[in-house]
Amino acid sequence: MNLAEIANTYETAPEYRGGLWRVAGAYFRARADVLRSRFTIAETTEPEPYGTAAEQAADLRRGLFLVTSAYSEHPVWNVETNVAFRICHDIDGHGKVGRAFDPDGEVEAYRATLEHLPTPLRPVVFCESIGQLAATIANGRFPTQRTVLFPTVHV
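In this text, residue positions in the sequence shown follow the numbering used here: the first is 806, and each later residue adds one.
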């Protein structure tokens, strides 16, 4: 699937209504608690707490991290769970690869996040990371969050 196909699937596929997102949410809340024991994490409503990946990396080296609670309307997750996912994605993903917040950097962050992730939860992270990325690029804005299972997951 290319980004246009992923965006189209994200926007048009039926919502997944099974329990996989609830299981993933529990995982991300637990993983975020582990990361909170290693970093001082502050929550902000600023949609983009870091202007660059270098700013985020500098904070992480100091043991600090800012996470946004903006755009947290989700069909399954509450704000706390959405923030927990972002903590994991940003620290385990962006923090590890140190790439820019561009499409290539987001894909690399997604791949790095998989290292800590139980295999059955990969479809959730694909949707939450790559699906949202593709829809954002296609629409020029952050999309309505959806729970979509893609026909194939590329890792």
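The beta-carbon is built from N, C-alpha and C at its ideal position, and this holds for glycine as well.
Asked: Secondary structure of Val930, DSSP reduced to three states; Found: helix
Asked: As assigned by DSSP and simplified to three states, the class of Val872; Found: strand
Asked: N-terminal and C-terminal residue of the alpha helix (DSSP H) that Ile892 is part of; Found: 884-893
Asked: Under the three-state DSSP convention, the category Glu853 falls into; Found: coil
Asked: Beta-carbon gap between Thr850 and Ser877 smaller than 7 angstroms; Found: no
Asked: Supposed contact pair Val953 and Gly936 - C-beta distance, whole angstroms, cut 8 angstroms; Found: 6 angstroms
Asked: Top-ranked residue by Cα proximity to Pro854, from Leu869, Arg843, Glu820, Glu933; Found: Leu869
Asked: Of the listed residues Ala862, Thr924, Glu885, nearest to Ala905 (C-alpha basis); Found: Ala862
Asked: Asn887 vs His879 beta-carbon contact at 7 angstroms; Found: yes
Asked: Integer-rounded CB distance, given that Arg951 should sit under 8 angstroms from Tyr815; Found: 6 angstroms
Asked: Contacts around Ala818, its chain only, beta-carbon distance under 6 angstroms, and the 5 residues preceding and following it disregarded; Found: Val953
Asked: Beta-carbon spacing of Ile896, Leu840 below 7 angstroms; Found: yes
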